[in-house]
Amino acid sequence: MKNWSKDSAEGRYWIAGARLVDPVAGTVSEGAIKVEEGMIADIAAKPDGKGKLPVLDAGGLCLAPGLVDMHVHLREPGHEYRETVATGSRAAARGGVTTMTCMPNTNPVIDNAALVRHIREQASRAGLCHVMPIAAITLDLKSKRMSDMGEMLAAGAAAFSDDGRPVTDASLMRHALEMLRTWNALLISHSEDLNLSEGGHMHEGPASTRLGLKGIPREAEDVAVDRDLRLARMTGGRLHIAHVSSGNSVESIRRAKADGVRVTAETAPHYLLLTDEDLYSYDSHKKMNPPLREQSDQDALLAGLLDGTIDCVATDHAPHTEIDKKRELAYAPFGVIGLETSLAAVLTRLVHTGMMELPRAMALVTAKPAEILGLPVGRLEKGCPADLVLFDPEETWTVRGAEMASLSANTAFEGMELKGRVRATLLDGQLVFGRDSDGVETFTSRPWRDELPVI
Amino acid sequence: MDSNTPSKFRQKAVLMTPDQMARAFKRMTHEILERNESAEDLVIMGIRRRGVPLAERIAAYIKTLEGVEIEVGSIDITFYRDDLHTIGPQPRVGETSIPGDITNRTVILVDDVLHTGRTVRSAITELMDYGRPAGIQLAVMIDRGHRELPIRADFVGKNVPTSSREAVKVRFVEIDDKDAVLLGEVE
Amino acid sequence: MTYSRKDLLDLASCSADEINLILDTAERFRAVSEREVKKVPTLRGYTIVNLFFENSTRTRISFELAEKRLSADIVNFSASTSSVSKGETLLDTVENLLAMKIDMVVMRHGASGAPHFLAKHIPVSVINAGDGTHEHPTQGLLDMLTMRRSLGDLKGRKIVIVGDILHSRVARSNVIGLTKLGAEVVLCGPPSLIPVEIDKLGAKVEFNLNRAVEGADVVNILRLQKERQEGGLLPSLRAYSRDWKVERHHLDMMAESGIIMHPGPMNRGVEIAQDVADGPRSVILEQVLNGVAVRMAILYLLSESSKRLRNTDSSTTETPDTDLPNIGLESA
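Here it is in structure tokens:
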């Protein structure tokens, strides 16, 4: 990967000798890509030789669209000791993520246009990943008054969510879904019944009984999902269910989709690789909300991914400091990071097990979330932004929180062996992250001037 | 090699046969009776494990000689060891059984081998926690020397000069299926 | 059979052999408590800290007595008088104590798994004196010792535990320990206070008290926390007592030699009738005596790991005293 940094900075070049993973067409083929002015200008079997452009050798590795992570907590403003837009962007670049949408549960809450602009500007200064904020549905996430969603959309918000908390007032939820129809914008629901989950630390089941920890029953998620599906059906609004963890919820979403409800759903990598039994050691790094559930739930999630009930995989990247996590499980906060492990986790669980073909699995973290968000990324097509990830699907590595680029190290996969590793990340055609064969990693910031999309 | 011998013990010689052992404990019994005017005030306490069969044999022989039933107890010194901090896994604790009150009675403390004297020291300390005996006398089958504490036996079956690398094992039929005193080396 | 663990965190991680070893050892220590001089020099020179983040009188006194009877030096630390209330983390608190050369930590904590967390991060032995609603292993062991002394082998015996199973660490340790010893455990209480899928731990559930105590060898009655009326788990204490208070007529339904147990402190008249608590079948005070013995046994068995720690500190290895008798080091 010599010269990648210099040559990609030229703005016009070919990448040759790659296995091109097209998540939309569902194909993997040997080929080359021509990049011009940050866009994919051509896809061919070989560079055409015109214009004597530099040719970057991909060395037979996989080249796919950069990952789109639609569920990330960047902690800025307010909790910059956990993560910032800049450090989160570094983590994204290292994980092959080129677009992410960040949740508004910051302090202050992203519930106004000024903060939406601020996040976008912070991201453009960091210059490592496209970041679009998800703005709050209700002011200060209080479920009392609706935020000015139209203004925030114009300021560059990607979608709306009170993630971290549910919208507890069903009537307010109804009106938010109705209001968003104006712009055909997306509402992302953190579906949880707070009475049923109150005081819980992990999934309620045989493991919580054995460990003597107060449980969060699946029904805390299920009754809220059912309510939200009803409201989406009623209003015709676009609903996206965040972090689905319960098998029952998968079934509810499946039925709603069959009935024509405009609903999409995501799950997170940790629900696909771990279960509640991983808490037997009282490891606070396995604590998140919704919690790791049982094998039967994991099986239902996998089936949901296979039949399209669950549309995509998002990380719910939730950084917490070591001080916060290194304590009694009951006192530790919910949340795990995920930006730097999502590609490997998806490949390990879905592709290397033979469950899914590579392009289809890649679609779960590229084309699918991009489509839900209505963004022109996540595709390997002429005319799309040259946001690309080069990865070795066969490289095995051991997850170490200490090696993460994220400001926090609270990974649930600590010590696990995953297969598939990012070698380079290109943002608008420019190399932002590279990892050479000796394991030396380089980050190159490419700040841009943020221009608002026309809505 | 019998099953109770740790594998580290390499036998070199037989120091006493069953007959020799019998003659020795009988002589010791006579000495005990000679020294203590009234057998009725005696309590015989065997130190676990191999002091116990010897204590029982002495008591039984006193009965045949004098017709007096002597109370026999056993003492497990585990809680009183001075080397608990240094030896391997915590030893399994045996039972201490003291027959009645020992205050103002004479205790004959019985063990198989007297070596450094630390076991006897532990046993004396433990006995004192059960009461205040009029006196404590010590009977051992083998005295092999190498004392680390100012302790001596009142009644000895046999004195055996040894080197510190050697070990002496006393075997009793009650525990080991045979009577014997063995000399060996430890590694 | 030897006990070679660093900590006693729960009975879930103990084998039946380990449980029996602890109980056998406790029998020896029980004899010490019945002597004139109730003290042995076994843990002379050891310093033990009793860390109590939750109020407890019985368990703390029982541990304190056990430690004193083993000649250990002890430090008592309770959350109300400590810097914990000033926001110090558990690990900070304990590391501060360890800097003063503590050999063992006995901890009572309101959060399930707190001792597991601590044990992972410190090199000295941790003994769980009750963690949240998880386990109370020493209580489980003393209950088993009491049952064994009354009934002999517990295999096939019917042990009924009555009360608030959901919030009871005593119940969990009983269920886990007793099933390992082959007993048949039946849990009885209001459905809202029975944890989900508890049958996976090997216990049966019977909501009806009359049916539960039928032929029981042991009825172990749990304390009902008065707070349970709040939070919608129970309508009232009165409603609880009507259906789950153990009364005199229940005794006639038990096995002939059946015993009544209670970990204390009792709410007389709420979960247990006065004449049951004080009746001839009650072994409640016996439990208290056995508690000291069991805790002495655990401290003794665990002192080995702090021993190992000391030895690695002072690189000198002394050879064992060959004069010492072979006190049952061979496996039993």
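So the protein lines, in turn, are chains A, B and C.
Residues in the first sequence are numbered from 3 upward in steps of one, following the working numbering.
Residues in the second sequence are numbered from 252 upward in steps of one, following the working numbering.
Residues in the third sequence are numbered from 2 upward in steps of one, following the working numbering.
Note that CB positions come from ideal geometry on N, CA and C, so glycine has one too.
Short CB-CB distance (under 8 Å) between residue i and chain B
{"i": "C:ALA32", "result": "yes"}
{"i": "C:GLU68", "result": "no"}
{"i": "C:ASP18", "result": "no"}
{"i": "C:THR48", "result": "no"}
C-beta neighbour in chain C for residue i, strict 8 Å
{"i": "B:MET252", "result": "The predicted position of B:MET252 is uncertain, since its pLDDT is 32 and thus under 50; a value taken from the coordinates is nonetheless stated next. So, not an interface residue."}
{"i": "A:GLU279", "result": "no"}
{"i": "A:ASP283", "result": "Going by the sequence as given, residue 283 of chain A is Ser instead of Asp. For A:SER283, the answer is yes, since a Cβ of chain C falls inside 8 Å of its Cβ."}
{"i": "A:TYR333", "result": "yes"}
{"i": "B:THR315", "result": "no"}
Burial state of residue i, where buried means 16 or more other Cβ atoms lie within 10 Å
{"i": "C:PRO236", "result": "exposed"}
{"i": "B:THR354", "result": "exposed"}
{"i": "B:GLY412", "result": "One point to set straight first is that residue 412 of chain B is Pro, not Gly, in the sequence displayed. Burial call: exposed."}
{"i": "A:GLU453", "result": "exposed"}
{"i": "A:LEU433", "result": "buried"}
{"i": "C:PRO192", "result": "exposed"}
{"i": "B:THR280", "result": "buried"}
{"i": "C:THR58", "result": "exposed"}
{"i": "C:ARG286", "result": "For clarity, residue 286 of chain C is Leu in the given sequence; the question names Arg instead. Exposed."}
{"i": "A:ARG329", "result": "buried"}
{"i": "C:HIS117", "result": "buried"}
{"i": "A:ILE325", "result": "exposed"}
{"i": "C:HIS122", "result": "exposed"}
{"i": "B:PHE330", "result": "buried"}
{"i": "A:LEU55", "result": "buried"}
Within chain C, partners of residue i - CB distance below 8 Å
{"i": "B:GLY382", "result": "GLU37"}
{"i": "A:GLY207", "result": "VAL197, GLU198"}
{"i": "B:THR347", "result": "ARG29, ALA32"}
{"i": "A:THR211", "result": "PRO196, VAL197, GLU198, ILE199, LYS201, LEU202"}
Chain A within 8 Å of residue i, Cβ atoms only
{"i": "C:PRO326", "result": "Bear in mind that the predicted position of C:PRO326 carries a pLDDT of just 35, short of 50, making it unreliable; the figure below should be weighed with that in mind. False, the Cβ-Cβ gap to chain A never drops below 8 Å."}
{"i": "C:GLY203", "result": "no"}
{"i": "C:ASP8", "result": "no"}
{"i": "C:PHE118", "result": "yes"}
{"i": "C:THR90", "result": "yes"}
{"i": "C:ALA80", "result": "no"}
{"i": "C:ALA13", "result": "yes"}
Partner residues on chain C for residue i, Cβ-Cβ distance less than 9 Å
{"i": "B:TYR331", "result": "VAL41, PRO42, THR43"}
Chain C residues whose Cβ lies nearer than 7 Å to that of residue i
{"i": "B:VAL344", "result": "THR26, ARG29"}
{"i": "A:GLY214", "result": "SER113, GLY133, THR134, HIS135, GLU136, ARG170, ARG173"}
Any non-hydrogen atom of the ligand ADP within 7 Å of residue i CB
{"i": "C:GLY280", "result": "In the structure shown, the ligand ADP is absent, as is every other ligand, since no ligand is present at all."}
The stretch 180-188 of chain C contacting the stretch 251-261 of chain C, beta-carbon criterion three pairs below 8 Å
The stretch 180-188 of chain C, when compared against the stretch 251-261 of chain C, does not touch it at the 8 Å Cβ threshold.
With a cut-off of 8 Å, do at least 3 Cβ pairs link the stretch 98-116 of chain C to the stretch 38-57 of chain C?
Cβ pair count under 8 Å is three or more, so yes.
Using a beta-carbon distance cut-off of less than 7 Å, what residues from the stretch 159-189 of chain C approach chain A?
Of all residues in the stretch 159-189 of chain C, ARG170, ARG173 have a Cβ within less than 7 Å of some Cβ in chain A.
Which residues, taken in chain order from the stretch 319-330 of chain A, show a beta carbon closer than 9 Å to some beta carbon of chain C?
Result list: ILE325, LYS328, ARG329, GLU330.
By the 7 Å beta-carbon criterion, what residues does the stretch 239-271 of chain A contribute toward chain C?
Answer set for the stretch 239-271 of chain A: empty.
With a cut-off of 8 Å, do at least 3 Cβ pairs link the stretch 190-201 of chain A to the stretch 224-235 of chain A?
Yes: at least three Cβ pairs fall under 8 Å.
Contact between the stretch 360-371 of chain A and the stretch 31-41 of chain A is defined here as three or more beta-carbon pairs at a separation below 8 Å; is this criterion met?
Contact between the stretch 360-371 of chain A and the stretch 31-41 of chain A is not established, with fewer than three Cβ pairs separated by less than 8 Å.
Could you say if the stretch 140-155 of chain A and the stretch 168-188 of chain A meet the contact criterion of at least three C-beta pairs nearer than 8 Å?
With contact defined as three or more Cβ pairs closer than 8 Å, the stretch 140-155 of chain A and the stretch 168-188 of chain A are in contact.
How do the stretch 317-324 of chain A and the stretch 339-349 of chain A stand: do at least 3 beta-carbon pairs fall below 8 Å, yes or no?
Touching, per the Cβ criterion.
Below 8 Å, can you find three or more Cβ-Cβ pairs linking the stretch 387-404 of chain A to the stretch 106-113 of chain A?
No: the two stretches stay apart, fewer than three of their Cβ pairs being nearer than 8 Å.
Can you confirm whether the stretch 303-311 of chain B touches the stretch 420-431 of chain B when touching is taken to mean that 3 or more C-beta pairs between the two stretches lie within less than 8 Å?
With the cut-off at 8 Å, the stretch 420-431 of chain B and the stretch 303-311 of chain B touch.
Is it true that the stretch 166-186 of chain C meets the stretch 242-253 of chain C, where meeting means three or more beta-carbon pairs spaced less than 8 Å apart?
At 8 Å Cβ cutoff, the stretches do not touch.
Validate contact between the stretch 377-390 of chain A and the stretch 56-68 of chain A using beta carbons, cut 8 Å, 3 pairs:
Counting Cβ pairs under 8 Å, three or more are found: they touch.
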